[in-house]
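Below: one structure, written as structure tokens.
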Amino acid sequence: MSGEAVARPMLILKDVHKFYGANEVLKGISLDVKEGELVTFVGPSGCGKTTLLRLIGGFTEISAGDIILDGKRINDLPPNLRDTRICFQNYALVPHMTVAENIGYGLRINGWPKGKIRARVNDLLEMVELQAFGDRMIDRLSGGQQQRVAFARAISLEPKVLLLDEPLSNLDANLRLIMREEIRKLQRRLNITTVFVTHDQFEAMAISDRLVVMRDGLIEQVGSPIEIYERPANRFIASFVGYVNFIDGRISLIDEATRNTFVETEYGRFEIALEQADIAAGDEVLIVVRPEAVTLSLDVGIKRPNVVCGTLKSYMYAGSLAKCTVEIGTMKMIIDQYNPSEAHHFKQAEQVAVEIPHRVHLLKKKKQA
Ligand SMILES: Nc1ncnc2c1ncn2[C@@H]1O[C@H](COP(=O)(O)OP(=O)(O)OP(=O)(O)O)[C@@H](O)[C@H]1O
Ligand SMILES: [Mg+2]
12 MSGEAVARPM
22 LILKDVHKFY
32 GANEVLKGIS
42 LDVKEGELVT
52 FVGPSGCGKT
62 TLLRLIGGFT
72 EISAGDIILD
82 GKRINDLPPN
92 LRDTRICFQN
102 YALVPHMTVA
112 ENIGYGLRIN
122 GWPKGKIRAR
132 VNDLLEMVEL
142 QAFGDRMIDR
152 LSGGQQQRVA
162 FARAISLEPK
172 VLLLDEPLSN
182 LDANLRLIMR
192 EEIRKLQRRL
202 NITTVFVTHD
212 QFEAMAISDR
222 LVVMRDGLIE
232 QVGSPIEIYE
242 RPANRFIASF
252 VGYVNFIDGR
262 ISLIDEATRN
272 TFVETEYGRF
282 EIALEQADIA
292 AGDEVLIVVR
302 PEAVTLSLDV
312 GIKRPNVVCG
322 TLKSYMYAGS
332 LAKCTVEIGT
342 MKMIIDQYNP
352 SEAHHFKQAE
362 QVAVEIPHRV
372 HLLKKKKQA
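Once you know that position 369 of the sequence shown is 380 in my numbering, the rest is easy, because the numbers rise by one and skip nothing.
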């Protein structure tokens, strides 16, 4: 499916609540997931991601609200009667079975005839590129191979919704990258509606159509990876997804024609192209400055808009980028310098010029009650 096609909602969560005793761990989750979409729930440990997947899969009872799958309310259906499949973090493969037996397990339980199972399993083995491994015992596979078996098993019955709970967390860094691309490729090819859970923000951004940022049982923001990264709704989201430098400021002037805006800060005035409609003159704001958005130079003598001077506190070369810490007044700003081998290697205590881009995101500070 192309991303542009208008897809119907395949999974609808309506004001979903979950209590464990008196402890409310989901506090009203509402979301439509479109057919063929890959939506990822991210959030800190304990915010309720796994609980939500278990509710959708039917492994945990919902306390209030509705789960609608392809137009049908499935709240009260047991897991095996829901058109969902869950792939757990530890894969939950059966150790004394072969790869083929593991993949065909659900088909057998569902009474498929032997010949049909064999054909389907062969197709699935090919799909996850494990053709030569059908007879291998599960415990003689690498982590990445087991991950593919778990994925093949989960999609064997072509569920309407695939639920993946941190499926890559047992893999080493390189394999994680490879497997997340493979999952995404297969998910797109099969056009399978997928709810993915991870606490790895970068994995979430890389793999998803939309991200859902959760905190403490609630949804904080839903949006495309670019929306979440570039236009976070609040400070928590901004700092949860990547690193952020915040500069406190106050809007002194908005030119309504150009939306050019002056933000006064203790480091001087910044000129910002204002994109948000909800910010007005007089508002207290935070300027959201990503480490990669800043330009660092030695042009300290030249006065230019949006440039402040500071002292280089540390310079850590890390191959594709160098992490720089610059002290500007009382603030320590983290700045990424890309392709450092081609650039100036800044030295400790060097005076540097820090340029904040004209187009940055602003967060309106909540008024104190
Ligand atoms: N069976 C249970 N009984 C009581 N409390 C539970 C149960 N399962 C989870 N919880 C609590 O519900 C909250 C949410 O847990 P959940 O496992 O959904 O978090 P998570 O977002 O998946 O975290 P992580 O990133 O660490 O996997 C936690 O406070 C947890 O302690
Ligand atoms: Mg979890």
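Beta carbons are placed, not taken as given, at the ideal position from N, Cα and C, and that holds for glycine.
Through-space distance from residue j to residue i, alpha-carbon basis
| i | j | result |
| --- | --- | --- |
| Y77 | R96 | The sequence shown places Asp at residue 77, rather than the Tyr named in the question. In a straight line, the C-alpha of D77 is about 18 Å away from that of R96. |
| P106 | H356 | 53 Å |
| V172 | S331 | 38 Å |
| K324 | E177 | 37 Å |
| D259 | A249 | 15 Å |
| V363 | N271 | 26 Å |
| S13 | S153 | Note on S13: pLDDT 49, under 50, position unreliable in the model; no value is reported. |
| A103 | H372 | 43 Å |
| E112 | Y349 | 49 Å |
| I67 | C98 | 12 Å |
| K60 | L42 | 14 Å |
| C335 | I313 | 21 Å |
| V5 | K38 | Residue 5 is absent from the structure shown; the chain starts at 12 and stops at 380. |
| E72 | L188 | 34 Å |
| N121 | I218 | 31 Å |
| L182 | V223 | 23 Å |
| S74 | D87 | 11 Å |
| Q100 | F162 | 11 Å |
| N245 | V50 | 20 Å |
| A354 | M344 | 19 Å |
| I367 | P351 | 19 Å |
| R128 | I166 | According to the sequence shown, residue 128 is Ile rather than Arg. Going from the Cα of I128 to the Cα of I166 covers about 13 Å. |
| D146 | K196 | 26 Å |
| S414 | P124 | Residue numbering for the chain in the displayed model covers 12 to 380; residue 414 lies beyond these limits and cannot be assessed. |
| V17 | I230 | 24 Å |
| Y31 | T204 | 28 Å |
| K29 | V36 | 6 Å |
| P62 | P236 | Looking at the sequence shown, residue 62 is not Pro but Thr. Those two C-alpha atoms are separated by around 23 Å. |
| L135 | R151 | 19 Å |
| L264 | A292 | 5 Å |
| A268 | A284 | 11 Å |
Beta-bridge pairing of residue i - partner residues as DSSP gives them
| i | result |
| --- | --- |
| E35 | F30 |
| M344 | V337 |
| I23 | D43, I79 |
| E366 | T306, V318 |
| L64 | None; L64 has no bridge partner. |
| S325 | T336 |
| N297 | It should be pointed out that residue 297 corresponds to Leu in this sequence rather than to Asn. Partner(s): D259, L374. |
| V17 | Bridge partners of V17: none, in fact. |
The alpha helix (DSSP H) enclosing residue i, as first and last residue numbers
| i | result |
| --- | --- |
| L188 | 184-201 |
| F213 | 212-218 |
Where the beta strand (DSSP E) containing residue i begins and where it ends
| i | result |
| --- | --- |
| G76 | 75-80 |
| K375 | 372-375 |
| R226 | 221-226 |
| I97 | 95-98 |
| F207 | 204-208 |
| D176 | 172-176 |
| F357 | No beta strand (DSSP E) holds F357; DSSP gives it neither H nor E. |
| T51 | 49-53 |
Beta-carbon proximity of residue i to residue j, cut-off 8 Å
| i | j | result |
| --- | --- | --- |
| P89 | G115 | no |
| T109 | M138 | no |
| V337 | T322 | yes |
| E411 | N317 | Residue numbering for the chain in the displayed model covers 12 to 380; residue 411 lies beyond these limits and cannot be assessed. |
| G117 | R164 | yes |
| F257 | L307 | no |
| E303 | D347 | yes |
| V305 | V255 | no |
| M190 | L179 | yes |
| D94 | P20 | no |
| M342 | A333 | no |
| R199 | E48 | no |
| I262 | D289 | no |
| Y240 | M225 | no |
| E79 | K45 | The sequence shown places Ile at residue 79, not Glu. No; because the gap between Cβ atoms is not below 8 Å, this pair is not in contact. |
| L22 | V208 | no |
| V160 | L141 | yes |
| I194 | Y278 | no |
Residue i: CB within 7 Å of a non-hydrogen atom of ligand 4
| i | result |
| --- | --- |
| T61 | Although ligand 4 was asked about, the structure shown includes only ligand 1 and ligand 2 as ligands. |
- Query: Which residue spans inside the segment 102-156 form an unbroken alpha helix (DSSP H) run of at least 4?
  - Reply: 110-120, 125-138
- Task: Mind listing, in chain order, the continuous beta strand (DSSP E) runs of no fewer than 3 residues lying wholly within the segment 235-295?
- Result: 256-266, 271-276, 279-284
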